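Read in order, the letters of the sequence shown correspond to residues 6 to 193 in the working numbering. For reference, the structure is listed below as structure tokens.
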Amino acid sequence: MLKLNFGLGIPDVLYKHGKPMCLDDLSTELSVVNPSKNSFLPILMRFLVQSGFLNQHVDHFSLTPASRLLAKNEPFNVRSLLLLNHGPVFSKAWPELSAWFQNDSPTTFHTAHEKSLWDYIEEEESRVLGDIFNDAMASDSRLNTNVLITECKHVFEGLTSLVDVGGGTGYCVYGYSQSFSKHKMHCT
Numbered sequence: 006m007l008k009l010n011f012g013l014g015i016p017d018v019l020y021k022h023g024k025p026m027c028l029d030d031l032s033t034e035l036s037v038v039n040p041s042k043n044s045f046l047p048i049l050m051r052f053l054v055q056s057g058f059l060n061q062h063v064d065h066f067s068l069t070p071a072s073r074l075l076a077k078n079e080p081f082n083v084r085s086l087l088l089l090n091h092g093p094v095f096s097k098a099w100p101e102l103s104a105w106f107q108n109d110s111p112t113t114f115h116t117a118h119e120k121s122l123w124d125y126i127e128e129e130e131s132r133v134l135g136d137i138f139n140d141a142m143a144s145d146s147r148l149n150t151n152v153l154i155t156e157c158k159h160v161f162e163g164l165t166s167l168v169d170v171g172g173g174t175g176y177c178v179y180g181y182s183q184s185f186s187k188h189k190m191h192c193t
């Protein structure tokens, strides 16, 4: 369902439009849909509404708060994280869960691919999977940092030093330093 939603660009079109959209306008914007398949769009849209991906307002459709996180241009999107977790590479590990309990592999990923995630990314699909993985980690950091800053501000009050370990974008430390700029905090 996620792959279909992303592949057609439905979250991106609705997000860009910014308000509920009628099916005719949506189908016009979905340039990847073959015109001979337009008659199937109402069925797909009903399914997406029933699955909780979309809201329906009479004959117009909009994103739910959760499905906004699937749009490319949403600052706190989790699109890459979902693509990574539901893609064929990670999905191959789930059926190996019972085998993993019976062997000495460190992870189900290792059981499925006979190598670690890091080795797999480096050896098999460094460019594609590495980019998706890095983007997934960065989007997860943006979302978590925003939640921590807005909902758990009290945890950071009084800190004088903060170190951001990992990542690569520096978003966490940047977010904290901007939010607590009135305090004397050294961030690295």
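Glycine included, C-beta positions come from ideal geometry on N, C-alpha and C. All figures in this text were calculated on a predicted structure; none of them were measured in a lab.
Determine contact between the region 84-101 and the region 54-65, defined as no fewer than three beta-carbon pairs at a distance below 8 Å. With the cut-off at 8 Å, the region 84-101 and the region 54-65 do not touch.
Exposed or buried, what is residue 115 when buried is set at 16 or more other beta-carbons lying within 10 Å of its beta-carbon? The sequence position of residue 115 within the sequence shown is 110, counting from 1. Only buried fits residue 115, as 16 or more other CB atoms lie within 10 angstroms of its CB.
Where in the region 41-95 do unbroken runs of the beta strand (DSSP E), each at least 3 residues long, occur, reported from the N-terminal end onward? Every beta strand (DSSP E) stretch that sits fully inside the region 41-95 and reaches 3 residues is listed by chain position as 59-62, 65-68.
Return the chain-ordered list of same chain residues with a C-beta closer than 6 Å to the C-beta of residue 169, the five sequence neighbours on each side being excluded. For the purposes of this step, residue 169 is taken as the residue at position 164 of the sequence shown. Excluding sequence neighbours, residue 169 sits near 177, 178.
Supposed contact pair residue 161 and residue 89 - C-beta distance, whole angstroms, cut 8 Å: Against the sequence shown, residue 89 aligns to sequence position 84. Against the sequence shown, residue 161 aligns to sequence position 156. The beta carbons of residue 89 and residue 161 sit about 29 Å from each other, so the pair does not count as a contact at 8 Å.
Roughly how many whole angstroms lie between the Cα atoms of residue 117 and residue 10? Taking the sequence shown and counting its residues from 1, the one referred to as residue 117 is at position 112. Taking the sequence shown and counting its residues from 1, the one referred to as residue 10 is at position 5. A straight line joining the alpha-carbon of residue 117 with that of residue 10 spans about 27 Å.
Give the straight-line distance between the Cα atoms of residue 19 and residue 78, rounded to the nearest whole angstrom. Walking along the sequence shown from the start, residue 19 turns up at place 14. Walking along the sequence shown from the start, residue 78 turns up at place 73. Their backbone Cα atoms lie some 11 Å apart in a straight line.
Assumed close pair residue 25, residue 75 - CB separation to whole angstroms, cut-off 8 Å: In the sequence shown, residue 25 corresponds to position 20, counting from 1. In the sequence shown, residue 75 corresponds to position 70, counting from 1. The Cβ separation is near 17 Å, so there is no contact.
Alpha helix (DSSP H) segment containing residue 158, residue limits: Residue 158 sits at position 153 when you count from the first residue of the sequence shown. Per DSSP, residue 158 belongs to the alpha helix (DSSP H) from 158-161.
I need the straight-line Cα distance from residue 197 to residue 147, nearest angstrom please. There is simply no residue 197 to check, as the chain begins at 6 and stops at 193 in what is shown.
Spatial neighbours of residue 108 within its chain, please: C-beta separation below 8 Å, excluding the five flanking residues on both sides. Along the sequence shown, read from residue 1 onward, the residue named residue 108 stands at position 103. 116, listed in sequence order.
Own chain partners of residue 38 with C-beta closer than 8 Å, once the 5 adjacent residues on each side are dropped: Taking the first residue of the sequence shown as position 1, residue 38 is located at position 33. Hits under 8 Å: 13, 32, 46.
Neighbourhood of residue 120 by C-beta, 8 Å cutoff - its chain only, sequence neighbours within 5 removed: Indexing the sequence shown from 1 puts residue 120 at position 115. The beta carbon of residue 120 sits closer than 8 Å to those of 128, all from its chain and outside the five residues before and after it, given in chain order.
Exposed or buried, what is residue 144 when buried is set at 16 or more other beta-carbons lying within 10 Å of its beta-carbon? Translated into positions along the sequence shown, residue 144 becomes position 139. Its Cβ being crowded by 16 or more others within 10 Å, residue 144 is buried.
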